[in-house]
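Going by numbering that gives the first Met the number 0, the letters in the sequence shown line up with residues 0 to 279, in that order. By construction, the Cβ of each residue, glycine as well, lies at the ideal position given by its N, Cα and C atoms.
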Amino acid sequence: MTAVEPKSSPPRGASDTAPLLELRNVYAAYGPFRAVFDVSLSIAPGSVVALLGSNGAGKTTIARIASGLLKPTRGQVFVDGVDVTGIRTFRLTRLGVTHAPEGRSVFASLTVEENLTLVFRQEAGRKGVQASLDRAFELFPRLGERRNQNAGSLSGGEQRMLSLARVMVHPPRLLIADELSLGLAPIVVDEVYRTLEKIRDSGTSLLIVEQHVHHALALADQVVVLTKGQVSFDGPADDLGDLAARLMPGVASDGQLVEPAAGVGILTPEPNGSADHPPT
Ligand code: ATP
């Protein structure tokens, strides 16, 4: 397997010892509803953090703040120790922080190879396209078998693989992977996780939001659990142990999330219309 160096361009003034990404006391709201309160987490270079919690706990909201898709109403976001709160997503991407594409963002009328070529030509130049294609088909052999097939005729799981291949061939410094395995067959989920493992091994940090808790825990160094928009556990994956079921109502003994317990994931209405107050 060819080693792939993550794309890297730390911001000016970056510190060598700072976490790659840090959220410090962030709050977020959707209109009058507060979704997350006073959440802090940090991701060291090269490490994997699993963000867990039951439905509606605020995981996607935190993932969106981390990737610049959502500006926190309070608190700060740092990359390499530099305050990047509120900067645009494309600028965060340039610093090496990328949100994995959700769903099946592919061009249906183009073939698998044409879809990949479009992206790789931009990222690696015309001369780098072939090596990038080889790497994509090495990571996802099934895509290689279907390279001349229109993307629109691929199965849902294959389309997700195609979306992923576009990110994983030239991995960022930090990949924010939000529910990558949603709706995929178990065999495809295994393949996605093998790929995440490979890009972790090549130096990419990961923030994983995942329904398949056991998959996320197998890869994670650090676990952050959200309960009703607040951090209820932050520690090494090895320390979570039996806490998983207690901390995350709705997690079955096999690690899968099931229906949330009553009251979990309910948004707290703002008592005074402001989004910047801790929960009552
Ligand atoms: P799930 O596991 O079900 O995807 P989650 O932990 O990712 O949930 P979020 O998607 O972050 O949770 O949502 C946190 C809360 O904010 C939820 O109660 C959700 O209903 C609410 N919410 C999310 N997006 C919006 C929005 N665009 N407008 C209003 N409320 C929203």
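Notebook entry, point to check: Excluding sequence positions up to five away, which residues of its chain have a Cβ less than 6 Å from the Cβ of S180?
Noted result: Taking the first residue of the sequence shown as position 1, residue 180 is located at position 181. Counting only Cβ-Cβ distances below 6 Å, and skipping sequence neighbours, we find V188, V191 and H211.
Check: Where do the N-terminal and C-terminal ends of the beta strand (DSSP E) with D233 fall, by residue?
Finding: Along the sequence shown, one-based indexing puts residue 233 at 234. DSSP places D233 in the uninterrupted beta strand (DSSP E) bounded by Q229 to P235.
Margin query: Can you give me the C-alpha to C-alpha distance between P18 and D237, rounded to a whole angstrom?
Written below: For the purposes of this step, residue 18 is identified with residue 19 of the sequence shown, where counting begins at 1. For the purposes of this step, residue 237 is identified with residue 238 of the sequence shown, where counting begins at 1. When rounded, the distance between both Cα atoms is 21 Å.
Check: Sorry if obvious, but does the Cβ on Y29 come closer than 8 Å to a heavy atom of the ligand ATP?
Finding: Taking the first residue of the sequence shown as position 1, residue 29 is located at position 30. For the ligand ATP, at least one heavy atom lies less than 8 Å from the Cβ of Y29.
Notebook entry, point to check: Using 8 Å as the Cβ pair cut-off and three pairs as the minimum, do the stretch 193-200 and the stretch 24-31 touch?
Noted result: Contact between the stretch 193-200 and the stretch 24-31 is not established, with fewer than three Cβ pairs separated by less than 8 Å.
Notebook entry, point to check: Enumerated in chain order, which unbroken segments of the alpha helix (DSSP H) with a length of 4 residues or greater are wholly contained in the stretch 172-213?
Noted result: Runs of the alpha helix (DSSP H) inside the stretch 172-213: 185-200.
Notebook entry, point to check: In terms of alpha-carbon separation, which member of L173, A215 and L218 lies closest to A43?
Noted result: Taking the first residue of the sequence shown as position 1, residue 43 is located at position 44. Among L173, A215 and L218, the Cα nearest to that of A43 is on L173.
Notebook entry, point to check: Using the beta-carbon count (16 or more within 10 Å), is A107 buried or exposed?
Noted result: Here residue 107 is taken as the residue at index 108 of the sequence shown, counted from 1. Under this definition A107 is an exposed residue.
Item checked: Cβ-Cβ distance between A150 and L161 below 9 Å -> For the purposes of this step, residue 150 is taken as residue 151 along the sequence shown, with counting starting at 1. For the purposes of this step, residue 161 is taken as residue 162 along the sequence shown, with counting starting at 1. It is a contact, given that the beta carbons lie within the stated cut-off.
Checklist line | Residues near S41 by beta carbon distance below 6 Å, same chain, minus five either side | finding: Position 42 of the sequence shown, counted from the start, is the residue given in the question as residue 41. Cβ neighbours of S41 within its own chain (closer than 6 Å, five residues either side excluded): P18 and E21.
Notebook entry, point to check: With a CB to CB cut of under 6 Å and the five nearest residues on each side skipped, what residues in its chain are close to A62?
Noted result: Taking the first residue of the sequence shown as 1, we reach residue 62 at position 63. So the qualifying residues of the chain are I175, D177 and V208.
Next item on the list: Please find out if some non-hydrogen atom of the ligand ATP comes closer than 8 Å to the beta-carbon of A34.
Entry: In the sequence shown, counting from the first residue as 1, residue 34 sits at position 35. In terms of side-chain proximity, the C-beta atom of A34 is found nearer than 8 Å to a non-hydrogen atom of the ligand ATP.
Check: Are the beta-carbon atoms belonging to L138 and T116 less than 9 Å from one another?
Finding: Within the sequence shown, residue 138 is the residue found at index 139, counting from 1. Within the sequence shown, residue 116 is the residue found at index 117, counting from 1. At a Cβ-Cβ threshold of 9 Å, L138 and T116 do not count as neighbours.
Next item on the list: Round the Cβ separation of E157 and R165 to the nearest angstrom and send it over; I've been treating them as touching at under 8 Å.
Entry: For the purposes of this step, residue 157 is identified with residue 158 of the sequence shown, where counting begins at 1. For the purposes of this step, residue 165 is identified with residue 166 of the sequence shown, where counting begins at 1. Rounded, the Cβ-Cβ distance is 13 Å, inconsistent with contact.
Note to self: On the criterion of 16 or more Cβ atoms from any shown chain inside 10 Å, does Q129 qualify as buried, or is it exposed?
What the structure shows: The count along the sequence shown starts at 1 and reaches residue 129 at position 130. Classification for Q129: exposed.
Item checked: Those residues which DSSP pairs with L22 across a bridge -> Numbered from 1 along the sequence shown, position 23 holds the residue referred to as residue 22. Bridge partners of L22: L40 and V76.
Item checked: Residue from A217, S46, D37 and N54 with nearest C-alpha to I64 -> Counting from one through the sequence shown, the residue named residue 64 turns up at place 65. Closest option to I64, Cα to Cα, is D37.
Next item on the list: Indicate whether L337 and V111 have their beta-carbon atoms separated by less than 9 Å.
Entry: For residue 337 there is no data in the structure shown, the boundaries of the chain being 0 and 279.
Note to self: I need the straight-line Cα distance from H280 to R193, nearest angstrom please.
What the structure shows: Since the first residue shown for the chain is 0 and the last is 279, residue 280 is missing from the structure and cannot be characterised.
Next item on the list: Would you check whether the ligand ATP has a heavy atom nearer than 8 Å to the C-beta of E178?
Entry: Locating residue 178 in the sequence shown gives position 179, where the first residue counts as 1. Checking the Cβ of E178 against the ligand ATP gives yes.
Checklist line | DSSP state of R33 mapped onto helix, strand, coil | finding: By one-based count along the sequence shown, residue 33 stands at place 34. Three-state result, R33: strand.
Notebook entry, point to check: Does the beta carbon of S231 fall short of 8 Å from some heavy atom of the ligand ATP?
Noted result: Position 232 of the sequence shown, counted from the start, is the residue given in the question as residue 231. No; taking the cut-off as 8 Å, the Cβ of S231 has no heavy atom of the ligand ATP nearer than that.
Checklist line | Boundaries of the beta strand (DSSP E) in which A49 is found, first to last residue | finding: Looking up residue 49 in the sequence shown gives position 50. Note, A49: beta strand (DSSP E), V47 to L51.
Next item on the list: State buried or exposed for T203, treating a residue as buried only when at least 16 other CB atoms are found within 10 Å of its CB.
Entry: Within the sequence shown, residue 203 is the residue found at index 204, counting from 1. Label assigned to T203: buried.
Margin query: Once the 5 residues before and after K58 are set aside, which same chain residues still bring their CB inside 7 Å of it?
Written below: Numbered from 1 along the sequence shown, position 59 holds the residue referred to as residue 58. Closer than 7 Å at Cβ, skipping near neighbours: L50, G52, V208 and L225.
Margin query: Measuring only the C-alpha atoms, how far is P235 from A215?
Written below: As a working note, residue 235 is residue 236 in the sequence shown. As a working note, residue 215 is residue 216 in the sequence shown. Approximately 13 Å between the Cα atoms of the pair.
Next item on the list: Pull up the DSSP beta-bridge partners for Q221, would you.
Entry: Taking the first residue of the sequence shown as position 1, residue 221 is located at position 222. V48 and P235, per the DSSP bridge assignment.
Check: What's the call for F89, buried or exposed, on a 16-neighbour Cβ count within 10 Å?
Finding: Within the sequence shown, residue 89 is the residue found at index 90, counting from 1. Burial state of F89 is exposed, judged by a 10 Å Cβ sphere holding fewer than 16 other Cβ atoms.
Notebook entry, point to check: How would you label K227, buried or exposed, when you count the other beta carbons within 10 angstroms and need 16 or more for buried?
Noted result: Along the sequence shown, read from residue 1 onward, the residue named residue 227 stands at position 228. Counting every other CB atom within 10 Å of its CB across the protein chains shown gives K227 a total of 16 or more, marking it as buried.
Next item on the list: Could you round the C-beta distance between L163 and A99 to whole angstroms and report it? I think they count as a contact, below 8 Å.
Entry: On the sequence shown, residue 163 is found 164 positions in, with the first residue counted as 1. On the sequence shown, residue 99 is found 100 positions in, with the first residue counted as 1. The Cβ separation is near 7 Å, so the contact holds.
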